[in-house]
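Heads up, the thing below is written out as structure tokens.
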Amino acid sequence: MKIERVCVVGGGTMGNGIAHVFAQKGYSVTLVEAKQELGDKALATIARNMDRQVAKGALTAADKDAALARLKTATTIAEAKGFEFAVEAVPERLDIKSAVFAELSKHGAPGAILATNTSSIPIGEIAKSAADPSRVIGMHFMNPVPVMKLVEIIRAKATSDATTEMTRALTESLGKIPAVANDFPGFVSNRVLMPMLNEAIECLREGVSTKEDIDTIMKLGMAHPMGPIQLADYIGLDVCLAIMEVLDKGFGGVKYKPSPLLREMVAAGKLGVKTGAGFYEYPKK
1336 MKIERVCVVG GGTMGNGIAH VFAQKGYSVT LVEAKQELGD KALATIARNM DRQVAKGALT
1396 AADKDAALAR LKTATTIAEA KGFEFAVEAV PERLDIKSAV FAELSKHGAP GAILATNTSS
1456 IPIGEIAKSA ADPSRVIGMH FMNPVPVMKL VEIIRAKATS DATTEMTRAL TESLGKIPAV
1516 ANDFPGFVSN RVLMPMLNEA IECLREGVST KEDIDTIMKL GMAHPMGPIQ LADYIGLDVC
1576 LAIMEVLDKG FGGVKYKPSP LLREMVAAGK LGVKTGAGFY EYPKK
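The opening position of the sequence shown corresponds to residue 1336 in the numbering used here, with each subsequent residue numbered one higher.
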């Protein structure tokens, strides 16, 4: 099956980035959002990000215009009928994702592959809502999508070899580097990363050090480009908490327990960069 038409469900930070890279690489993309104004906002974000690429010489103005011409928005998955590949990028809730996959199963071309950008929910659980679980796979992009090279591909027990290989080839066609993991809570990336961020937050809660010094120690001592507490702010503290809860449910044990301070921050609505305040302040520009 040749993949030409792609459906991306969800136009938030990850969804608009995913739609961006597919359109830039020549695919026809339908970006599905619940409301037209959300779709318009996602398109505006994509256009701004492409303008930055043009300014840096990473994209020509003509290529930008051609990519945007390959993008359209819709408010229902039915409007994307006949797609050969879909990527779901809605919030990290199994009930929402399950509903999306049930709907995607109705409208894809025969043999269409359904991918989820989930960062921690087991692919096998999401696949239960699809008509053919063998064509369901995880395709975990990193943020910011147009910049980051890695795509973590996660195959569930039911995922076919053909689905995995087609997704790997598609990833490479986007100029990304695929790395395959099996279907465990948190996969590889977040199973390793999130407990580290959580432990840094625990160090802050216990008074081991200040947030600035914790971040400095990890940046300079471990050669990390960003400290763990600041990184948690950029990911979103609500997202970090949701992933830790998935890990805690899947594995149990002390090392996967979300920090009480992380819970307090989320309850207070201090989610990081997206709300203007988390562990650090982020004044609106």
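Glycine included, each C-beta is placed from N, C-alpha and C at the ideal position.
- When DSSP reads this structure, residue 1488 sits in a beta bridge with 1474, 1515.
- In this structure, DSSP gives residue 1410 a state outside helix and strand, which the three-state scheme calls coil.
- Residue 1436 carries a helical assignment under DSSP once its states are collapsed to helix, strand and coil.
- Annotation for residue 1448: the continuous beta strand (DSSP E) segment containing it runs 1448-1451.
- In this structure residue 1371 is exposed. Its beta-carbon is surrounded by fewer than 16 other beta-carbon atoms within 10 angstroms.
- DSSP places residue 1340 within a strand segment (E or B) once states are collapsed to three.
- Between residue 1415 and the set 1396, 1402, 1435, the nearest pair of CA atoms involves 1435.
- Annotation: residue 1537 to residue 1523 spans about 22 Å, alpha carbon to alpha carbon.
- The alpha-carbon separation between residue 1378 and residue 1351 amounts to approximately 7 Å.
- Judged by DSSP in its simplified three-state form, residue 1594 adopts coil rather than helix or strand.
- Per the coordinates, the alpha-carbon of residue 1381 lies some 31 Å from the alpha-carbon of residue 1602.
- Residue state for residue 1534 is assigned as helix, using DSSP reduced to three classes.
- Taking 8 Å as the cut-off, the beta carbon of residue 1343 is found closer than this to the beta carbon of residue 1366.
- For residue 1581, the enclosing alpha helix (DSSP H) starts and ends at 1572-1586.
- In the DSSP annotation of this structure, residue 1522 is not part of any alpha helix (DSSP H), being labelled neither H nor E.
- Judged by DSSP secondary structure, residue 1389 falls within the alpha helix (DSSP H) whose first and last residues are 1371-1391.
- Around the beta carbon of residue 1340, a 10 Å sphere encloses 16 or more other beta carbons of the protein chains shown; the residue is thus reported as buried.
- By alpha-carbon distance to residue 1437, the top candidate from 1413, 1427, 1466, 1444 is 1466.
- Annotation for residue 1373: 1346 place their beta carbon closer than 7 Å to its own, counting only its chain and skipping 5 residues before and after.
- With respect to residue 1613, residue 1619 sits apart: the two C-beta atoms are not nearer than 8 Å.
- Its Cα nearest to that of residue 1576, the residue 1596 stands out among 1565, 1596, 1560.
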